[in-house]
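Trainee:
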Amino acid sequence: QGAITGQVIDPATGIYMRDAIVEVETADGEVRSATTGEAGAFRVQNLPAGTTKVTISFVGYVSETQEVEILSGGTARLDFSLQQSGRDGQVATGGEIVVSGVRDAGARELMSQRKELQIADMLTTETYGDIAGDNPAEFLKYMPGVDVDGSNGTSVYAYLRGLPAEFTRTQLNGMDVVSANGAAPTGYASAAAAARVFNYETISMSAIDAVTTYKTTSADQNADAPAGIIDLRTKRAYDRRKPLFVASIEGFTHENMWDKYKNIGPDTPQGWGNKRFLPNAKIFYSNSFFDQRLGVMFSAGLADQYIEREQITLDRQYTKSANAPYPAEIYRMGIQTGARRTTRRTASLVLDFKATDTLSFTAMGLGYRGNIHLHNQVTTV
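Position one of the sequence shown corresponds to residue 44 (this note's numbering), numbered consecutively onward.
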């Protein structure tokens, strides 16, 4: 008996294709199925010697079939390059316009979800492009069944299926993570419950490749998340054939930063600074070395934003009192104005070492440092 190994890649983007379906028809007519994993790699073992047919398929791409001779005790290698399909199911020609960004992201999501054993939704970070402030919570609010806490004017915490945030677990590549933020959220029954809530401002979107939400948990996942699990999958150097370097510089401003006072925030005389623009920047680098045995991924970012919000709250009382002689009567109105400046500095480093085709080691580090200036004023009438 022998084995087949190989990789699947999209030559147009240079990205290796995870979750592609691998169908193997052995020499004795048996058909086996597998899926590609990290770096688009696959391996099928215990195949009888003889001519073997391998077919790779992926949503939105033309399936490709190759034949290979399996030698007893040997390992054959087959690499595949899939081409995007046109409207007729054939390879897209130069005369057709293919919106590959949206299409590729949707195909990756479908291929990932179809192999899940539980109820899950998956979105790649390419789906909605750049997110303001590189805040993952701002991305999560576009996913079905996900609510975010935006009481401060920006998304900080996320929770599933309408349950409080302490019933939702956040994972990083399948491992539980806790928030390193010293400012624990308020309004929870105990400090232990608040400690379970993950602060998404402590991580940058530049390091995230995809997000999967699990509405139910399987036997190989922790049972301490009755609402569900949010799994953040980081980018890897193995995901691409070629090195990638991205740098961007942006600016953030607000109409109240252009008045005669030239300050950020309501405090006087200078508020929280005297700038017209707040700088934002990020860099991303990914490359692999030594014949893709060593992968390096590094990202760093600076996000500086200022927002203002206004909120009106109407209080009702369902029992009679001097303030509310009629049931369900509005007896109080609260007018709240708030200003918030958030400065976030994030960095991430992922090192992957592939010792063998089936054994890999990963070292990961995340860094965060932030400052929050907050001013709330409430008037009750």
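Glycine included, each C-beta is placed from N, C-alpha and C at the ideal position.
#1: Would residue 93 be called buried (16 or more neighbouring beta carbons within 10 Å of its own) or exposed?
#2: Considering just the uninterrupted stretch of the beta strand (DSSP E) at residue 409, what are its terminal residues?
#3: Name the one or two DSSP bridge partners that residue 337 has.
#4: At 4 residues or longer, what runs of the alpha helix (DSSP H) sit wholly inside the region 263 to 303?
#5: With DSSP as the reference, please indicate the residues paired to residue 163 in a beta bridge.
#6: Tell me the rounded alpha-carbon separation between residue 113 and residue 167.
#7: Can you tell me where the beta strand (DSSP E) with residue 215 in it begins and where it stops?
#8: Where residue 397 and residue 210 are concerned, what is the direct C-alpha to C-alpha distance, given to the nearest angstrom?
#9: I'd like the list of long-range same chain contacts for residue 266, defined as Cβ closer than 8 Å, with 5 residues on each side in sequence excluded.
#10: Can you tell me whether residue 289 is buried or exposed, with buried defined as 16 or more other CB within 10 angstroms of its CB?
#11: Excluding the 5 residues preceding and the 5 following residue 392 in the sequence, name in chain order all residues of the same chain whose CB lies nearer than 6 Å to its CB.
#12: Could you give the first and the last residue of the continuous beta strand (DSSP E) run that contains residue 203?
#13: Within a Cβ cutoff of 6 Å, which residues of the same chain sit near residue 51, ignoring the five residues on either side of it in sequence?
#14: With a threshold of 6 Å on Cβ separation, who are the neighbours of residue 273 within its own chain once the five nearest residues in sequence on each side are excluded?
#15: Evaluate residue 89 with the Cβ neighbour count: other Cβ atoms within 10 Å of its Cβ, from every protein chain shown; 16 or more gives buried, anything less gives exposed.
#16: Leaving out five residues before and five after residue 390 in sequence, what residues of the same chain have Cβ atoms less than 6 Å from its Cβ?
#17: Return the bridge partner residues of residue 59 from the DSSP annotation.
Mentor: With the given structure in hand:
#1: exposed
#2: 403 to 423
#3: 332, 396
#4: none
#5: 257
#6: 37 Å
#7: 211 to 215
#8: 36 Å
#9: 260
#10: exposed
#11: 341, 408
#12: 200 to 203
#13: 60, 63, 79, 83, 99, 123
#14: 213, 256
#15: exposed
#16: 343, 410
#17: 52
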